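Have a look at the structure below, then the notes.
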Amino acid sequence: MTRPKDKQATAADRKIRNAERDMVALGIAIAAVILFVGTGGTIMPQIMRNWFAGGAAPDLLLTNAVLLNIALLIFGWRRYRDLHAEILERREAEARARELAERDPLTGSLNRRSGPPAMEKLREDLNCSNRHLAVMMIDLDNFKQINDLNGHRMGDEVLATVAARVRAALPSDGILARIGGDEFACAVPFDPHARELVDDLVLNIISQVSAPVEANNMIVEATVSIGLAHSAEDLSSEAPADAEQLIHRADIAMYHAKKRGRNRHYWFEPQMEDELRFRNELEAGIRRGIAAGEFVPFYEQQIDLETGKLTGFEMLARWQSPRYGLVSPEIFIPIAEEIDLISDLSESLIRQALEDAKDWDTSLTLSVNISPIQLRDPWFAQKLLHLLVESGFPPARLEIEITESCLHENIGAVRSIVSSLKNQGIRISLDDFGTGYSSLTQLRSLPFDRLKIDRSFVAELTAGGEGKALVEAMISLGKGLSLPVTAEGIENEKVLDELQGLGGLKGQGYFYGRPEDSTSTRKRLSELGMLNEDGSGEAGKMVGERQAG
Ligand code: C2E
Ligand code: MG
Ligand code: MG
Numbered sequence: 212m213t214r215p216k217d218k219q220a221t222a223a224d225r226k227i228r229n230a231e232r233d234m235v236a237l238g239i240a241i242a243a244v245i246l247f248v249g250t251g252g253t254i255m256p257q258i259m260r261n262w263f264a265g266g267a268a269p270d271l272l273l274t275n276a277v278l279l280n281i282a283l284l285i286f287g288w289r290r291y292r293d294l295h296a297e298i299l300e301r302r303e304a305e306a307r308a309r310e311l312a313e314r315d316p317l318t319g320s321l322n323r324r325s326g327p328p329a330m331e332k333l334r335e336d337l338n339c340s341n342r343h344l345a346v347m348m349i350d351l352d353n354f355k356q357i358n359d360l361n362g363h364r365m366g367d368e369v370l371a372t373v374a375a376r377v378r379a380a381l382p383s384d385g386i387l388a389r390i391g392g393d394e395f396a397c398a399v400p401f402d403p404h405a406r407e408l409v410d411d412l413v414l415n416i417i418s419q420v421s422a423p424v425e426a427n428n429m430i431v432e433a434t435v436s437i438g439l440a441h442s443a444e445d446l447s448s449e450a451p452a453d454a455e456q457l458i459h460r461a462d463i464a465m466y467h468a469k470k471r472g473r474n475r476h477y478w479f480e481p482q483m484e485d486e487l488r489f490r491n492e493l494e495a496g497i498r499r500g501i502a503a504g505e506f507v508p509f510y511e512q513q514i515d516l517e518t519g520k521l522t523g524f525e526m527l528a529r530w531q532s533p534r535y536g537l538v539s540p541e542i543f544i545p546i547a548e549e550i551d552l553i554s555d556l557s558e559s560l561i562r563q564a565l566e567d568a569k570d571w572d573t574s575l576t577l578s579v580n581i582s583p584i585q586l587r588d589p590w591f592a593q594k595l596l597h598l599l600v601e602s603g604f605p606p607a608r609l610e611i612e613i614t615e616s617c618l619h620e621n622i623g624a625v626r627s628i629v630s631s632l633k634n635q636g637i638r639i640s641l642d643d644f645g646t647g648y649s650s651l652t653q654l655r656s657l658p659f660d661r662l663k664i665d666r667s668f669v670a671e672l673t674a675g676g677e678g679k680a681l682v683e684a685m686i687s688l689g690k691g692l693s694l695p696v697t698a699e700g701i702e703n704e705k706v707l708d709e710l711q712g713l714g715g716l717k718g719q720g721y722f723y724g725r726p727e728d729s730t731s732t733r734k735r736l737s738e739l740g741m742l743n744e745d746g747s748g749e750a751g752k753m754v755g756e757r758q759a760g
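Each residue of the sequence shown is one higher than the one before, counting from 212 in the numbering used here.
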């Protein structure tokens, strides 16, 4: 195999050899011309005299020398022509190589290597004007999903279309570069007194890009998040930011935009850098924490509101971080989803929960929350069954909670996973019902076993207004679809009273106690006589009885 260094050496050798050959050809041509002038100057008058005045015949040796000289001149001319063609060819090849090295072949825009220097040159050129440089980082929000669901060909199509739309929206002196897979950087000159024009440009880009992309008989919609930074004032009061620094700042602002819900844009502010640092620390902590077993299941009681009996527990993840203390899943689950660790994390939690629940009374169920990302995994059902087999926990006592956002993912894939889980006897609940946008068609078409009314509605139950009517409407919907209903977030007796009046519900909430770790849950169950340490267990003691006693 030829190493790059060897390649460089051979290319250099070739150049030297070509130059040597050119020098020899040039030397021969010059010598031929001088010789022709010398010999021609002597022989030509002799020939003329011989032809027109009948003088003595020209010197034979000199005549031959002139003929040889003419042949040399012809040779030199041909060589010159060849060299000229060769140089043209070489120039074209060099231009092609430069084009390949500087341009992204898919989108035709500048690439990671050539984009920043071009932007830096533009910034330097602007130094002598009163305009400055604004740099934007544009990142597609759902590109991985587009690729996964529609294939890489469609992914390429989307990238090329997005690049074309951005390029069309940019002013003529703007620069577009593809910096990463689905990441573009743009640079535009702007007047610092009219920064709003850059905002207008960004809004235009966002709206242009969000138009559907039609190709290969498919229609795909993409949205972008945009971060911006400008060279108008120096934020660090050090040397003015160069293009690379502006790209870095715009990248941080873009990341901030993503965190704030995507499809939006933000200008860079210095504190965003600190947020990012904290976020990176959290990410590293989560990675370490999973390996170190710092993520543990907590359990929240689920109660039959009619009988007051404990019917099971919902497992809620907690991070016992040595650095941050007990961390809420609302903080680490979205990060674990983003860094692709949610499956590992969830598997480890479910494994621990199944182990804990094995000793619970056989009447008790275990509910676990599943992230939409996990439902994209075609092997999810198999993985879950494997965990059940490993622990010996009966599938009929396991309940999976999926949120409405899962239904906006690939509904066909979700249906197939849900069906195979159901075939194994696992039950499926629709969690946080009312907070998403599930349609009645989706509710009917997916074989749910339960609706869980989100706690935000339950909290409004006693607040007057339409809160009660909404909860009643959701319960009737459940009845209409023959789906039992659980009310989440019961915080006090007043709410409980209202719910009990509505009939046939299960409920959970802080009124029954905060979620507890495995040891406290065992203690609770042991007191209720619902722990099967010795294989026995008395089902269904009243939680009220325990509280009263
Ligand atoms: P969720 O599944 O809706 O869980 C109920 C959340 O409401 C829990 O918050 C619980 O502590 C809280 N809660 C329960 N009763 C009350 C109450 O009376 N008042 C109030 N204000 N809150 C109450 P937590 O544990 O912070 O979990 C938040 C969310 O994180 C969960 O919402 C669930 O969506 C997600 N989550 C938790 N564990 C996991 C997990 O292992 N995997 C996945 N993918 N998501 C999880
Ligand atoms: Mg839940
Ligand atoms: Mg919920």
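Positions of the beta carbon are idealized from the N, C-alpha and C atoms, including for glycine. The structure presented is a predicted model; accordingly, all values stated were derived computationally and were not measured.
Host beta strand (DSSP E) of residue i (start-end)
i, result
"Ile639", "638 to 644"
"Met526", "521 to 532"
"Ala398", "394 to 401"
"Ile390", "386 to 391"
"Ala426", "424 to 426"
"Ser436", "435 to 441"
"Gly536", "536 to 538"
"Ile430", "429 to 431"
Short CB-CB distance (under 7 Å) between residue i and chain C
i, result
"Leu317", "Given the protein chain composition of this structure (a single chain), no chain C is represented."
Cβ shell of residue i (< 8 Å), same chain only, five flanking positions each side left out
i, result
"Met685", "Phe644, Gly645, Leu662, Ile664, Phe668, Val696"
"Arg733", "Asp567, Asp570, Leu742"
"Arg364", "Asn427"
"Gly760", "A caution first: Gly760 carries a pLDDT of 30, below 50, which makes its placement in the model too unreliable to give a value."
Nearest residue (CA-CA) to residue i, options the options
i, options, result
"Val373", "Met483, Glu566, Thr434, Asp728", "Thr434"
"His404", "Ile463, Ala380, His343, Gly385", "His343"
"Gly691", "Gln719, Lys679, Ala454, Arg655", "Arg655"
"Gln585", "Ile550, Ala306, Leu577", "Ile550"
"Asp660", "Gly504, Ile637, Ala674", "Ile637"
"Val424", "Ala680, Leu370, Ile416", "Leu370"
"Leu707", "Leu237, Glu671, Ala268, Asn361", "Glu671"
"Gln653", "Pro256, Cys617, Glu517", "Cys617"
"Pro605", "Glu615, His619, Leu577", "Leu577"
"Ile581", "Ala592, Asp572, Ser574", "Ala592"
"Thr614", "Ser649, Lys594, Asp588", "Ser649"
"Ala396", "Lys679, Asp315, Leu651", "Asp315"
"Ser737", "Asp572, Gly689, Leu681", "Asp572"
"Gly740", "Ser574, Asp359, Glu709, Val244", "Ser574"
Sequence-distant residues of its chain with Cβ nearer than 6 Å to residue i (five each side left out)
i, result
"Glu394", "Asp350"
"Val346", "Ala398, Ala440, Leu457, Ile458, Ala461"
"Ile258", "Pro269"
"Asp515", "Thr522, Lys717"
"Ser640", "Glu610, Glu612, Arg661, Lys663"
"Ser747", "Residue placement at Ser747 is flagged as unreliable, the pLDDT there being 46, under the threshold of 50; the coordinate-derived value follows with that caveat. Excluding sequence neighbours, Ser747 sits near nothing in its chain."
"Glu331", "Asp453, Ala454"
"Leu294", "none"
"Phe543", "Ile497, Trp530"
Own chain, CB closer than 7 Å to residue i, minus 5 neighbours either side, in chain order
i, result
"Glu566", "Ser602"
"Met465", "Met348, Asp350, Ser436, Ile437, Gly438"
"Pro327", "Ala454, Glu455, Ile458"
"Glu795", "With the chain running from 212 to 760 in the structure shown, residue 795 is simply not present."
"Lys216", "Residue placement at Lys216 is poorly supported in this model, since its pLDDT is 47, which falls under 50; the coordinates are not used for a value here."
"Ala564", "Pro508, Met526, Leu577, Val579"
Extent of the continuous alpha helix (DSSP H) to which residue i belongs
i, result
"Met685", "678 to 691"
"Arg666", "666 to 670"
"Ile285", "271 to 313"
"Leu317", "Neither: Leu317 is in no alpha helix (DSSP H) and is coded neither H nor E."
"Arg324", "Segment: none, Arg324 is in no alpha helix (DSSP H) and carries neither H nor E."
"Thr652", "651 to 656"
Residue i beta carbon near ligand 4 (any heavy atom closer than 6 Å)
i, result
"Asp642", "Within the structure as shown, ligand 4 is missing, the only ligands being ligand 1, ligand 2 and ligand 3."
task: Please confirm if the segment 624 to 636 is in contact with the segment 601 to 613, defined as three or more CB-CB distances below 8 Å between the two stretches.
output: Under the Cβ criterion (8 Å, minimum of three pairs), the segment 624 to 636 counts as touching the segment 601 to 613.
- prompt: Below 8 Å, can you find three or more Cβ-Cβ pairs linking the segment 274 to 290 to the segment 244 to 251?
  reply: Using a C-beta cut-off of 8 Å, the segment 274 to 290 makes contact with the segment 244 to 251, since at least three inter-stretch Cβ pairs fall below that distance.
- prompt: What beta strand (DSSP E) runs, 3 residues minimum, are completely inside the segment 552 to 629?
  reply: Qualifying beta strand (DSSP E) stretches, in chain order: 576 to 581, 609 to 614.
- request: Please go through the segment 448 to 526 and give each complete alpha helix (DSSP H) segment of 4 or more residues, from N-terminal end onward.
  value: Within the segment 448 to 526, the complete alpha helix (DSSP H) runs of at least 4 residues are 454 to 470, 482 to 502.
message: Extract the residue ranges of the alpha helix (DSSP H) inside the segment 330 to 377, only unbroken runs of 4 or more that lie entirely within it.
response: Here the runs fully enclosed are 354 to 361.
task: For the segment 407 to 416 and the segment 366 to 386, state whether three or more C-beta atom pairs, one from each stretch, are separated by less than 8 Å.
output: Contact between the segment 407 to 416 and the segment 366 to 386 is present, because at least three Cβ pairs lie under 8 Å.
message: Would the segment 500 to 520 count as touching the segment 719 to 729 if we require 3 or more Cβ pairs under 8 Å?
response: Taking 8 Å as the limit for Cβ pairs, the verdict is that the segment 719 to 729 does touch the segment 500 to 520.
task: Could you tell me whether the segment 487 to 495 touches the segment 510 to 529, where touching means 3 or more Cβ pairs closer than 8 Å?
output: Counting C-beta pairs with one atom in each stretch, the segment 487 to 495 and the segment 510 to 529 have fewer than three that are closer than 8 Å, which means they do not touch.
field: In chain order, each alpha helix (DSSP H) run of at least 4 residues that lies wholly inside the segment 691 to 748
entry: Taking 4 residues as the minimum length, the alpha helix (DSSP H) runs contained wholly in the segment 691 to 748 are 704 to 713, 729 to 739, in order along the chain.
- request: Identify every run of the beta strand (DSSP E) within the segment 235 to 266, keeping only runs that are complete inside it and at least 3 residues long; order them along the chain.
  value: You should have found no qualifying run.
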